[in-house]
Amino acid sequence: MAPEDTRHEIMLAPSGATRREVIAGSAAIAAALGLTYEATAQVQQRRADAAKETRPVKCAFIGVGSQGTHDLKRALSVPGVQFVALCDIYQPNLERALALTPGAKGYKDYRPVLDRKDVEAVLIATPLFAHAQIAVDALKAGKHVFCEKMMAYSIEDAKRMAKAAVASKHVLQIGHQRRSNLIYNHGWEMINKAKVCGKVTHVRAQWNRNGSWRRPVPKDTTDRHWNWRLYKDLSQGLMAELGTHQIHVANWYLGEAPSAVVGIGGINYWKDGRTVFDNVEVIFEYPSGVKLNYTSLTTNQYDGFYEQFMGKDGTLIVSQQTGGQYFKEPTAEGEAWMKDPVNKQEGARGQTGLKLDPEATKKLGVTGTRVGQKVIQGDVSGKDDYLLEMEDFFASIRVGAPVMCDWRDGLRACVAAVRANEAMTKKTRIEIPKTDYTI
C-alpha cells in the first residue's frame with residue numbers, strides 16, 4: 525500500500541523529560557534528506573482527483589452507537605455523501621443519528637436496508653460479534669463496505685468477509701484509521717525510505733488507560749448489550765479494541781505479519797463479572813526475527829499509547845497522542861539534517877534528541893527548504909484521521925483509488941489478536957501458521 529502524507533509533519537507535545545527530547549517537522553527533515561516522496565505524490569494526486577469528483581454517494585449506516593455516531597459525523601463531512609438509511613436495534617441511538625441526517629429512514633433490522641437499490645455503500649459499527657454476517661450480506665448485495673475494527677470476532681469470520689469482498693469486487697475497508705493518519709504515514713516513510721532507525725529489530729507498543737471500561741447501563745437496555753466489550757462470547761477484549769490498531773501499524777511498517785505469540789493476561793483488578801482480561805502483556809515474533817512487545821492496561825494510564833520502532837541506528841516513536849519522536853543511537857553516523865536543528869538538546873545515556881519547528885512542512889516540488897522552515901500549511905489542515913479514512917473510503921468508491929486498509933490488513937491484525945488471546949488463555953506459545961493469513 526502506498527503511504528500518504530499531505531502535510532509532511534510530525535506534531536509533538538512538549539516533554540519535560542530529557543529522555544524524550546523530540547524531533548518534529550519531519551517534512552523539513554525530508555527536504556534536507558532529499559527524499560522525493562514519489563509514493564506520497566501519487567497519493568496526493570489521488571486525493572486531489574477524488575476531491576474533484578463529488579458525485580452523490582447514497583449510504584446506509586448500521587450500528588449508530590457511540591463509535592458509529594462518531595464515524596457518521598465524519599462521513600457526513602465528506603462532500604456528496606448522503607445517508608438515506610440508518611439502522612440500530614436501540615431506539616435512542618437510532619433517534620440521535622436520525623437527527624443528524626434529515627431525510628434518512630430508520631430501521632431496526634439491517635436486512636431491509638440491504639434490499640434498497642439506492643444504497644451504494646454501507647458503513648458498519650455494530651458490536652464485534654455482528655460484523656461478519658452484516659458485512660458479508662452487504663457485499664453479496666452489491667454494496668461497498670466500511671467496517672469498524674476489529675475486522676471480525678474470529679479468524680474464520682474475517683476470512684468469510686475477505687472472500688465476499690474478493691468475489692463481489694467491491695470495496696471492503698477496515699477501520700484502522702492510523703492508515704490514513706498523516707503522522708503515521710510520514711513515520712512509515714521515515715522507517716522505510718529515510719531508514720532513520722537502520723534495520724528495525726524490536727517494536728514496543730502500548731495503550732494504557734485508567735478506568736473499568738464499564739459504562740452505566742440505561743434503564744431500557746441490558747448490561748450485555750451496553751457493555752458487550754466486557755464479555756468473551758461477544759468481544760475479543762483489549763487485544764481487539766485497542767491492540768489491533770497498534771498491531772496493524774507494526775505489520776504495516778514491517779511489511780510482515782506475526783508468526784508466533786506468547787503472553788500473559790488476567791482479570792486482576794476489576795472484579796465486576798467481566799470475562800475478558802483487564803490487562804494484557806504479549807510478545808509477537810515476526811518471520812524476520814523482529815519482536816513486538818505489546819501492553820494494554822486498564823489500571824494505570826502512564827505514558828498513554830504509542831508505537832516505538834527500535835533499530836541499530838535509532839528509535840522512532842509514533843503516536844496519535846504526542847506525534848512523533850526520534851532518538852539517534854550514539855553509534856550511528858549523523859545525518860545531514862541533524863546538523864541544523866532549531867533546538868538541540870542532549871538526551872539520556874548519550875542519545876541526542878532534536879526538536880524542530882512543529883509547524884514545518886514541505887510542499888512537494890519545492891527544493892532547498894531549510895530545516896525548521898515553515899513553507900505551507902497542508903490542504904488537509906484540521907482534518908483528523910477518522911475524517912481522512914472516510915475520504916479515502918469514498919475515494920475508493922468514486923475514482924477506484926486503492927483501499928487504504930483492505931481485507932488483508934484487517935485479517936492480519938485480526939489473526940494476531942485472536943492468537944494472542946489464545947496464547948494468554950492457554951498460557952503457552954502459539955505458532956501462527958501462514959494459512960491463518962490466506963483465504
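Okay, so the sequence shown: first residue is 525 according to my numbering, each after it adds one.
Note that the Cβ used here is the ideal one computed from N, Cα and C, for glycine as well.
These numbers come from a predicted model, not from an experiment.
query: Give me the Cβ distance between V804 and G789, rounded to the nearest whole Å; I'm assuming they're in contact under 8 Å.; result: 4 Å
query: Applying the criterion that 16 or more other CB atoms from any shown protein chain within 10 Å of the CB defines a buried residue, is N709 buried or exposed?; result: buried
query: On the three-state DSSP scale, how would you describe A948?; result: The question names Ala, but residue 948 is Met in the sequence shown. DSSP places M948 in helix when its eight states are reduced to three.
query: Can you give me the Cβ contacts of Q901 inside the same chain, cut-off strictly under 6 Å, excluding the 5 residues immediately before and after it?; result: At Q901 the pLDDT is 29, less than 50, meaning the model places this residue with poor confidence and gives no usable figure here.
query: Between which two residues does the alpha helix (DSSP H) harbouring Y731 extend?; result: Note that residue 731 is Trp in the sequence shown, not Tyr. From DSSP, W731 is part of no alpha helix (DSSP H) but of the beta strand (DSSP E) over 724-732.
query: Give the straight-line distance between the Cα atoms of I921 and D639, rounded to the nearest whole angstrom.; result: 19 Å
query: Look up N964 in the DSSP assignment and give the residues it is bridged to.; result: Summary: the structure shown does not reach residue 964, with the chain confined to residues 525 through 963, and so no result is reported for it.
query: Per the DSSP calculation, S801 is bridged to which residue(s)?; result: Note that residue 801 corresponds to Phe in the displayed sequence, not to Ser. DSSP lists no partner for F801.
query: Kindly identify the DSSP beta-bridge partner or partners of T846.; result: Looking at the DSSP assignment, T846 forms no beta bridge with any residue, so it has no partner.
query: Just checking my contact of L652 with F585 at CB under 8 Å: how many whole Å lie between their CB atoms?; result: In fact, because the Cβ distance is near 17 Å, the residues do not count as touching under 8 Å.
query: On the three-pair Cβ rule with 8 Å, is the region 928-947 touching the region 793-812?; result: yes
query: Kindly indicate which residue of G787, A688, L778, R932 has the alpha-carbon position closest to the one of K950.; result: G787
query: Between which two residues does the alpha helix (DSSP H) containing G666 stretch?; result: Element bounds for G666: n/a, residue is neither H nor E.
query: Would you list, in sequence order, the uninterrupted alpha helix (DSSP H) runs of no fewer than 4 residues that lie entirely inside the region 587-674?; result: 590-600, 615-624, 634-639, 655-664
query: Taking 7 Å as the threshold (C-beta atoms), are Y777 and W712 in contact?; result: yes
query: Exposed or buried, which one is P782 when buried takes at least 16 other CB atoms within 10 Å?; result: buried
query: Would Y810 count as contacting chain B if we go by Cβ distances under 7 Å?; result: In the displayed structure, chain B is absent; only one protein chain is listed.
query: Where does I963 fall in DSSP's three states?; result: coil
query: Would a C-beta distance cut-off of 7 Å place H668 and A645 closer than the cut-off?; result: yes
query: Mark E915 as exposed unless 16 or more other C-beta atoms lie within 10 angstroms of its C-beta, in which case mark it buried.; result: buried
query: Apply the 10 Å Cβ neighbour rule to A925 and answer buried if 16 or more other Cβ atoms are within range, or exposed otherwise.; result: buried
query: How big is the Cα-Cα spacing for H726 and Q760?; result: 25 Å
query: Compare the beta carbon distance of F918 and V602 with 7 Å and say whether it is the shorter of the two.; result: yes
query: So for I707, helix, strand or coil by DSSP?; result: helix
query: Less than 8 Å between C-beta atoms, sequence neighbours within five positions excluded: which residues of the same chain meet that for K683?; result: L935, I963
query: On the CB-based measure, 16 or more other CB atoms within 10 Å of its CB, does R748 come out buried or exposed?; result: exposed
query: Do A623 and L610 have their CB atoms nearer than 7 Å?; result: no
query: Taking M763 as the reference, give the member of R702, Q615, T819, R635 with the closest Cα.; result: T819
query: In angstroms with no decimal places, state the Cα-to-Cα distance between G630 and E913.; result: 25 Å
query: Determine the DSSP secondary structure at M834, reduced to helix, strand or coil.; result: strand
query: Are the beta-carbon atoms of A662 and A676 separated by less than 7 Å?; result: no
query: With burial defined as no fewer than 16 other Cβ atoms inside 10 Å of the residue's Cβ, what is the status of I954: buried or exposed?; result: buried
query: Among the candidates T650, K717, C721, whose CA atom is the shortest distance from the CA of P854?; result: C721
query: What is the C-beta distance between S736 and W794, in whole angstroms, given that I count them as a contact (C-beta under 8 Å)?; result: 5 Å
query: Report, in whole angstroms, the separation of the C-beta atoms of Y830 and S843, which I expect to be a contact under 8 Å.; result: 4 Å
query: Pull up the distance between the alpha-carbon of K632 and that of S692, whole angstroms please.; result: 26 Å
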